[in-house]
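K.L.:
So in UniProt numbering, spot 85 of the sequence shown is number 85, and the numbers just go up one at a time.
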Amino acid sequence: MTEGGSKDLRAQMKGWSEERPSVRVGRYIDAGCWKRKIRAEGRYGTIRNSIDRIVEVLFPQDTEQNETPEQKNMRVTVAQYGTSNIDHMFTKQETRQVIRSMARRKAPGLDGITIELVEAINKGSPDILLSIFNKCLELGHFPSCWKSAKLKLINFRDLSDPKAYRPICLLPTMCKVLDKLLTLRIFFHLKSGNFLNPQQHGFRPEMSCETALYHLRSLVEEKARSRWCVCIISLDVAGAFDNVWWPSVLYLLAKAKCPENIYDVVVSYLSERYVIFENKALHLKYKINRGCPQGSCSGPLFWNLIADHALNLQLPQNCKLQAYADDLVVWAKDKSSLEQQVSHALEQLRAWGVHHKLKFNQSKTSVLPITHMRKLTMTDPPRIAMANSTVEVVEEMKYLGVLWDHTMSFHRHLKAVKQKTDAPALNNSGQVVQ
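(1) Give the DSSP bridge partners of Phe277, in chain order.
(2) Where does Tyr251 land, buried or exposed, given buried means 16+ other C-beta within 10 angstroms?
(3) Looking only at C-alpha atoms, which of Ile168, Val237, Ile51, Ile128 sits nearest to Gln362?
(4) Between the stretch 240-260 and the stretch 279-292, are three or more C-beta pairs nearer than 8 Å?
(5) Spatial neighbours of Lys163 within its chain, please: CB distance less than 8 Å, with the 5 preceding and 5 following residues excluded, ordered by chain position.
(6) Where does Arg53 sit, in a helix, a strand or coil, going by DSSP?
(7) What is the DSSP secondary structure of Thr421, reduced to helix, strand or coil?
(8) Threshold first: 3 residues or longer. Then list the beta strand (DSSP E) segments lying entirely within the stretch 382-422, N to C.
(9) Given a threshold of 16 other Cβ atoms within 10 Å of its Cβ, counted over all protein chains shown, does Lys415 qualify as buried or as exposed?
(10) Check each candidate in Gly299, Phe277, Lys92 and name the one with the smallest Cα separation from Ile128.
(11) One question on the structure: do Val330 and Val342 come within less than 7 Å of each other, judged by their Cβ atoms?
(12) Quick one, are the C-beta atoms of Phe142 and Ser248 less than 7 Å apart?
(13) Helix, strand or coil, according to DSSP, for Cys297 in the structure here?
(14) Tell me the residue span of the beta strand (DSSP E) that contains Ile86.
(15) Determine the extent of the alpha helix (DSSP H) in which Leu190 is found, giving its start and end residues.
(16) Which residue from Trp352, Val177, Ile154 puts its Cα closest to that of Pro167?
(17) Checking the sheet assignment: what are the DSSP bridge partners for Phe360?
(18) What would DSSP say about Leu338, mapped onto helix, strand or coil?
(19) Could you spell out where the alpha helix (DSSP H) holding Gly249 opens and where it closes?
(20) Taking Leu305 as the reference, which of Val275, Trp352, Ala281, Lys285 has the closest Cα?
(21) Is Ala103 helix, strand or coil when you go by DSSP?
(22) Consult DSSP for Ile262 and reduce its assignment to one of helix, strand or coil.
(23) Just reading off the alpha helix (DSSP H) that Lys123 is part of, what are its end residues?
(24) Could you name the residues of the same chain whose beta carbon sits closer than 7 Å to that of Gln348, not counting the 5 residues immediately before and after it, in chain order?
(25) Using 8 Å as the threshold, is the stretch 204-221 in touch with the stretch 252-271, meaning 3 or more CB pairs across them?
(26) Can you tell me the Cα-Cα spacing of Trp246 and His411, whole angstroms?
(27) Less than 8 Å between the CB atoms is what I'm expecting for Leu171 and Gly109, so what's the real figure, rounded?
(28) Round the Cβ separation of Met89 and Leu151 to the nearest angstrom and send it over; I've been treating them as touching at under 8 Å.
(29) Within its chain, find whatever has a CB closer than 8 Å to the CB of Phe203; leave out the 5 residues flanking it on each side and keep chain order.
(30) Do you know whose CA, among Val78, Arg217, Leu282, lies nearest residue 437's CA?
(31) Is it buried or exposed for Ala120, if we count other Cβ within 10 angstroms and need 16 for buried?
(32) By how many angstroms is the C-alpha of Arg48 removed from the C-alpha of Ala281?
(33) Taking the beta carbon of His201 as the centre, do at least 16 other beta carbons fall within 10 Å, making it buried, or is it exposed?
(34) Identify, in the order they occur along the chain, each residue of the same chain with its Cβ nearer than 8 Å to the Cβ of Leu181, setting aside the five sequence neighbours on each side.
(35) Just tell me which of Asp87, Pro126, Asn261, Met74 has its CA closest to the CA of Leu139.
(36) Could you pull the DSSP bridge partners for Ser343 from this structure?
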């Protein structure tokens with residue numbers, strides 16, 4: 001399309017109506033610095049219908065229909081929670097450290113306030129922001145204007161597939177600051193109360209992918225050298241962060257005896273949340289009632305609360321769950337015992353998922369038999385089922401960026417890394433760099 005044609009199309013967008021029927025041409029959605037084309041064909045009608053469908057898929061809604069008695073009791077516990085434990089007010093030092101720790105030059109939310117502006121205000125008059133945050137803590141309230149995120153949609157693949165879109169939610173900077181203040185307080189409470197599972201390597205200080213990989217390899221090699229049958233099961237929670245059930249988060253905070261004023265602000269924070277999509281033709285507002293707030297500091301903490309509940313399960317003997325609650329290591333003296341223990345452990349994890357309204361992605365769940373000491377073979381691998389479906393047996397799996405193979409030699413990973421490093425580098429003009 002020529003430059004003049006593109007200008008004509010953008011000008012024409014101003015006159016488009018939300019109810020105008022679709023035509024068989026491509027349309028551009030103005031998403032700030034990104035402009036992506038959405039096909040108005042087939043099940044897609046107007047631009048609004050397209051956005052409605054994308055948001056419906058990317059932001060699943062929570063309903064109380066078909067809930068189990070246990071889940072209904074969780075809602076009751078959340079609503080009735082109360083304690084005499086009250087946390088102290090925020091301090092100037094806390095606020096200053098949180099503001100300093102936040103990344104600079106980031107896109108602001110709907111209000112246009114950047115972290116640089118917030119920092120300048122706090123530097124000139126720290127009492128202003130401190131009094132606002134402490135009043136929120138005193139009232140147990142999270143301001144409504146801070147709970148609406150600016151929605152951006154990016155797509156580099158199939159433009160007709162809603163799942164191919166990547167949502168970017170830009171939260172107001174003031175929301176991020178208060179959210180981080182709350183997150184640090186909650187983390188301190190959980191750590192001091194010994195509520196954090198040591199097997200969780202994700203989003204924890206002094207823990208990382210490297211520590212998870214080291215502990216996993218050490219465990220597998222130790223059991224293999226001891227002549228045990230060992231296998232690694234890679235699990236995948238479908239849309240983990242996007243499907244976090246808010247009553248589960250609040251229920252686990254209540255069980256951890258979270259201070260009441262902190263708890264009340266979190267309850268307010270997780271209610272009446274919205275994402276807003278804007279372009280030159282539309283202003284669309286969607287209510288969100290599940291999932292970790294994207295771009296928030298509390299999102300990883302909320303996920304870890306639920307993941308830790310899985311790590312705390314009393315799994316069968318010789319079963320170990322670690323890392324981001326997506327990796328299970330099982331060992332046994334013989335293949336038959338191994339199959340029984342794995343099946344029992346997977347059933348417990350499936351029940352954990354049902355309890356928190358989460359589902360495992362069966363197509364991404366796989367088992368890697370360890371043939372290092374020849375207790376297991378790839379010609380006769382263990383047969384494992386989950387939810388009446390056979391789990392795929394693989395010769396290699398990629399876990400936390402490392403390619404694991406059944407022999408534990410890591411030759412395939414080293415070969416793949418070498419191929420990447422040996423590939424010719426290209427400069428900005430597409431020319432090979434010598």
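Where is the CB? At the ideal position from N, CA and C, for every residue including glycine.
Since we're looking at a predicted model, the values are computed, not measured.
P.N.:
The answer reads as follows:
(1) Phe277 is bridged by DSSP to Leu284.
(2) Counting Cβ neighbours within 10 Å, Tyr251 comes out buried, since at least 16 surround it.
(3) When only C-alpha atoms are compared, the closest one is Val237.
(4) In this structure the stretch 240-260 lies against the stretch 279-292, because at least three pairs of beta carbons, one per stretch, are closer than 8 Å.
(5) These residues qualify, in order along the chain: Val57, Leu58.
(6) The answer is helix: DSSP assigns Arg53 an H, G or I state.
(7) Helix, per DSSP.
(8) If you keep only unbroken beta strand (DSSP E) runs of at least 3 residues inside the stretch 382-422, you get 396-399, 402-405.
(9) Classification of Lys415: exposed, given that the 10 Å Cβ count is below 16.
(10) Cα-wise, what sits closest to Ile128 is Lys92.
(11) With contacts defined as CB atoms closer than 7 Å, Val330 and Val342 qualify as a contacting pair.
(12) The criterion of a C-beta distance shorter than 7 Å is not satisfied by Phe142 and Ser248.
(13) Looking at Cys297 - three-state DSSP - the assignment turns out to be coil, as it is neither helix nor strand.
(14) Counting along the chain, Ile86 falls outside any beta strand (DSSP E), and DSSP gives it neither H nor E.
(15) It spans 173-192 - the alpha helix (DSSP H) in which Leu190 sits, taken as one unbroken run.
(16) Sorting Trp352, Val177, Ile154 by C-alpha distance to the C-alpha of Pro167 places Ile154 at the top.
(17) BP columns for Phe360 point to Val237.
(18) Helix at Leu338.
(19) Rather than Gly, the amino acid found at residue 249 in this sequence is Val. Its alpha helix (DSSP H) spans residues 246-255.
(20) If we check each option's Cα against that of Leu305, Trp352 comes out closest.
(21) Looking at Ala103 - three-state DSSP - the assignment turns out to be coil, as it is neither helix nor strand.
(22) Looking at Ile262 - three-state DSSP - the assignment turns out to be helix.
(23) That run of the alpha helix (DSSP H) goes 115-124.
(24) Within the same chain, Gln348 has close Cβ partners Leu313, Leu315.
(25) They do not touch, by the three-pair rule.
(26) So the alpha carbons of these two residues sit roughly 43 Å apart.
(27) Confirmed, about 5 Å.
(28) Actually they do not touch by this definition, with Cβ atoms about 34 Å apart.
(29) Cβ contact annotation for Phe203 (same chain, cutoff 8 Å, sequence separation greater than five): Pro300, Leu301, Trp303, Asn304, in chain order.
(30) Since the displayed the chain opens at 1 and closes at 434, residue 437 lies outside it and no answer follows.
(31) With fewer than 16 other Cβ atoms inside 10 Å of its own Cβ, Ala120 counts as exposed.
(32) Those two C-alpha atoms are separated by around 10 Å.
(33) With 16 or more other Cβ atoms within 10 Å, it is buried.
(34) Correct list, in chain order: Phe90, Glu94, Thr95, Val98, Phe133.
(35) The shortest C-alpha separation from Leu139 is found at Asn261.
(36) When DSSP reads this structure, Ser343 sits in no beta bridge, so it has no partner.
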